[in-house]
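Heads up: the sequence shown at position 265 corresponds to 265 in the UniProt record's numbering, and the numbers run straight through without jumps. Where is the CB? At the ideal position from N, CA and C, for every residue including glycine. All figures in this text were calculated on a predicted structure; none of them were measured in a lab.
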Amino acid sequence: MGGPRQMSPRDTASKEKPPVENLGRRVWSLFDDYRRWLVLTALLILVGAGLSVLTPFLTQAAFDRGLFPPDGTPNLRLLAILVAGMILVPALTSVVAVARTYFTTRVGNRVMADLRGRLFAHLEKMELGFFTGTRTGVIQSRLANDVGGVQGVLTDTASSILSNAVTVLAAVVAMFFLSWQLTVISLVLLPFLVLLQVRVGRRRRALAAKAQESLSEMTAITQEALSVSGIVLAKVFNQQGAEVERYSRANEVQARLQIKQQMAGQWFFAAVQTFVAVTPAVVYLVAGYMISGGVDLTAGTLVAFTTLQARLMQPVVSLLRVSLDVQTSMALFARIFEYLDLKPAITEPEDPVVLDEREVRGRVTFDDVSFRYPGAASVPSGDRPLRNEGWALQHINIDVRPGQLVAFVGPSGAGKTTLSYLIPRLYDVSAGRMLLDGHDVRELSLDSLFAAIGMVTQETYLFHASIRDNLRYAKPDADDDELIAAAKAANIHERIITFDDGYDTLVGERGYRLSGGEKQRMAIARVLLKDPKVLILDEATSALDTGSERLVQQALDQAMAGRTTVAIAHRLSTILKADLIYVIDEGQVKESGTHQELLELGGMYAWLYSMDASFIQDADAG
């Protein structure tokens, strides 16, 4: 199973990258469940902004009425009150800031967790074809890097925009109250800076999208090269240097894009900082001309104004920075929503038929089934599309009665695995009907369909967890007696108890601490624990040595008892007792019958059996 990854229609579509509609509105909708928290945050922001403009007015009063009143004698009582206010206001502002930070952090991280969970749940619903056509590392990058990349925007941006906007508005109003002339001088260049910021933002957004694509590629390379299988492959083919070079090239691309992204807008912010730095000096100069011209402008007013001006510029710069961050993050949000907008090809029917587990008989029927992969481009498990317009299967009529063992045999790429994938709706038929107990599987609830079917494949997947946890994946509430019974039936219990930790033994990444035969018997024990009515065996013994095969075959005999079994066989010696054998070639049924009937027919099955027998004899002789 496996082979080079084929380009799927989804890959092609992803390269075209159609724009995500209503992106801003959809991002804002992420906060719908947290509106109460947002209201509390907004109130705290308003309080904080109000407090921030009090200090300049207290400073003005301290100068003009406390230190230098019209009668020339300092008013110490009033000055003490004003100073107390100047001490109290920053203290209250700090308390409000801490409370605001708590609320914004809570909301932002909850929204991010919701987004991550929603994306993961959506990907779990995607059909098998999506995953055969998409690199695992790319999917992981969307979950980790893209969602993580918008964390700052989700946790800080909304409150920062509101806080800075309110602060700017309050400061501008207060400055106009003090001196409208000086206010005009202070704000004259801001419109030009905003226009320049928009252009810089577009550039950073484009760079951010490219940087995330590059990061996805690096994640995919890491996942492929540093997995156990990847490490083994690189070592035995002496390709460690090539893998390092491949990663280095992707790493260099990422570094260049990060530098470009960080430098984009630096000249813009340098201009903003220069503007902020020189504006007070200009204000002093203009104030001198105003006073010389007879305008009533006290020292307290000028100090209060420059204090407000300083407080105005900081949130203005913050708003410009946040605006750039938002535009950058929009590229990441677009990538996230691209995945959320993917429509699963396999969906729950509107009015599903729910099978009662106790009444499932296990009759499997292929009713004039034809199938081709979407686009006839992505072909998993070695199956190849037909030359005839890309059809992988054509006009298949097979009826497996309850309790029967039916085997599919044929050359590699004939369509055998594809047939097995249609039963549990890993793919949907293109024409005809796939039936379980007379029900079209497309009309059944997915839960009841999956509950009725179990599968043991050639490549057993085990989690990096204990033997106990791997077995309980099939039945989370199984007790130890059930685990042991399933393990004994699968001929693996005696091996398990030889480990120091028994059923608590960690199996390692993808079960690499176990042999191939042990992993297969673990898979059989797991499916026995599930106890399905229909069992699919996809070349479950083809990669095993003779000794392991015998143990696994004994376990399979236990597993097949009392169930409908569909077996895809590479070694024909494992299906000699099958009730019916179907020979599949080029997506069609070429022959069918019992083992003896097919031998007497002298066709493709007889030839395959003779080849298989010769191989076994040569192996035994060796």
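Name the one or two DSSP bridge partners that glutamine 588 has. Glutamine 588 is bridged by DSSP to Asp585.
Give the DSSP-derived three-state secondary structure of glutamine 554 in the structure shown. Three-state result, glutamine 554: helix.
Where does isoleucine 87 land, buried or exposed, given buried means 16+ other C-beta within 10 angstroms? The residue in question, isoleucine 87, is exposed, as its Cβ has fewer than 16 Cβ neighbours within 10 Å.
By the DSSP assignment, the alpha helix (DSSP H) with arginine 25 in it spans what residues? Segment 23-29, the alpha helix (DSSP H) holding arginine 25.
Per DSSP, leucine 422 is paired with what? Leucine 422 is not bridged to any residue.
Please identify the residue among Arg249, Ala567 and Gln520 whose C-alpha is closest to the C-alpha of aspartate 579. Cα-wise, what sits closest to aspartate 579 is Ala567.
I'd like to know whether the C-beta atoms of glutamine 558 and leucine 528 end up nearer to each other than 9 Å. In this structure, leucine 528 lies closer than 9 Å to glutamine 558 by Cβ.
Strictly by DSSP, which residues pair up with valine 369? Ile396.
Using C-beta distances below 6 Å, list every residue in its chain close to valine 107, excluding the 5 sequence neighbours before and after it, in chain order. Same-chain partners within the cutoff: Tyr34 and Trp37.
Any beta carbon of chain C sitting closer than 9 Å to that of lysine 210? Chain labels in this structure do not include chain C; a single protein chain is all it has.
Please list the terminal residues of the continuous beta strand (DSSP E) segment that includes isoleucine 536. Element bounds for isoleucine 536: 534-538.
Beta-carbon separation of alanine 334 and valine 20 under 9 Å? Yes, they are a contact pair.
Using only the alpha-carbon positions, how far apart do valine 173 and proline 315 sit? If you take the alpha carbons of valine 173 and proline 315, they lie about 15 Å apart.
With DSSP as the reference, label arginine 384 as helix, strand or coil. Reliability of the predicted coordinates at arginine 384 is poor, the pLDDT of 44 falling under 50, and the value obtained from them is presented with this limitation in mind. Reduced to three states, the DSSP call for arginine 384 is coil.
State the Cα-Cα distance for the pair leucine 506 and arginine 442, rounded to the nearest angstrom. Cα to Cα, leucine 506 sits roughly 38 Å from arginine 442.
Rounded separation between leucine 608 and arginine 472 - CA only: Roughly 39 Å separates the two Cα atoms.
To test your reading of the DSSP string, which unbroken alpha helix (DSSP H) runs of 4 or more residues are found completely within the stretch 456-506? The stretch 456-506 contains these whole alpha helix (DSSP H) runs: 467-472, 480-489 and 493-496.
Residues of its chain near serine 370, where Cβ-Cβ distance is below 8 Å and the 5 sequence neighbours each way are ignored: The answer, listed in chain order, is Trp391, Leu393, Gln394, His395, Ile396, Val429, Ser430, Ala431 and Gly432.
Could you tell me which whole alpha helix (DSSP H) segments of length 4 or greater appear in the stretch 37-77? The qualifying runs are 54-61.
For aspartate 296, three-class secondary structure by DSSP: Residue state, collapsed to three classes: coil.
Inter-residue spacing [alpha-carbon to alpha-carbon] between isoleucine 496 and leucine 537: Approximately 23 Å, taken between the alpha carbons.
Output the distance between the C-alpha atoms of arginine 199 and alanine 264, rounded to the nearest integer angstrom. C-alpha separation (whole angstroms): 10 Å.
Keeping to the same chain, check which residues put their C-beta closer than 6 Å to that of alanine 220; ignore five residues upstream and five downstream. For alanine 220, where only same-chain residues beyond five positions count, the Cβ hits under 6 Å are Arg135, Gly137 and Val138.
Which listed residue (Asp447, Ala49, Met455 and Phe68) has its alpha carbon closest to that of arginine 521: The shortest Cα separation from arginine 521 among Asp447, Ala49, Met455 and Phe68 belongs to Met455.
What does the alpha-carbon distance come out to for the pair arginine 387 and glycine 413? Caution applies to arginine 387, whose pLDDT of 43 falls short of 50 and renders its modelled position unreliable; the value that the coordinates give is listed next. Per the coordinates, the alpha-carbon of arginine 387 lies some 12 Å from the alpha-carbon of glycine 413.
Taking only three categories from DSSP, how would you classify aspartate 440? Of the three classes helix, strand and coil, the one that applies to aspartate 440 here is strand, per DSSP.
Using a 10 Å radius around the Cβ and a threshold of 16 neighbouring Cβ atoms, would you call methionine 112 buried or exposed? Around the beta carbon of methionine 112, 16 or more other beta carbons sit within 10 angstroms, so the residue counts as buried.
Less than 9 Å separating the beta-carbons of leucine 54 and glycine 85? Yes. Within cutoff.
Indicate whether tyrosine 289 and threonine 306 have their beta-carbon atoms separated by less than 9 Å. Contact flag unset, no.
One question on the structure: do threonine 93 and leucine 51 come within less than 9 Å of each other, judged by their Cβ atoms? Between threonine 93 and leucine 51, the gap from beta carbon to beta carbon is short of 9 Å.
Helix, strand or coil for methionine 604 per DSSP? Helix at methionine 604.
Indicate, with yes or no, if the ligand SAH has a heavy atom lying under 8 Å from the CB of aspartate 501. This structure lacks the ligand SAH; in fact it carries no ligand of any kind.
Determine, using beta-carbon pairs with one atom in the stretch 167-182 and one in the stretch 353-360, whether at least three such pairs fall under 8 Å. Counting Cβ pairs under 8 Å, fewer than three are found: no touch.
Classification of tyrosine 373 by the beta-carbon crowding that lies within 10 angstroms, buried from 16 upward: Tyrosine 373 sits buried, since 16 or more C-beta atoms from the chains shown fall within 10 Å of its C-beta.
DSSP bridge partner residues for leucine 435 (one or two, in chain order): In the DSSP output, where bridge partners are listed per residue, leucine 435 has Thr365 and Asp440.
Expected contact under 8 Å - CB spacing of arginine 100 and threonine 41 to nearest Å: Beta-carbon to beta-carbon, arginine 100 and threonine 41 are separated by about 6 Å, close enough to satisfy the 8 Å threshold.
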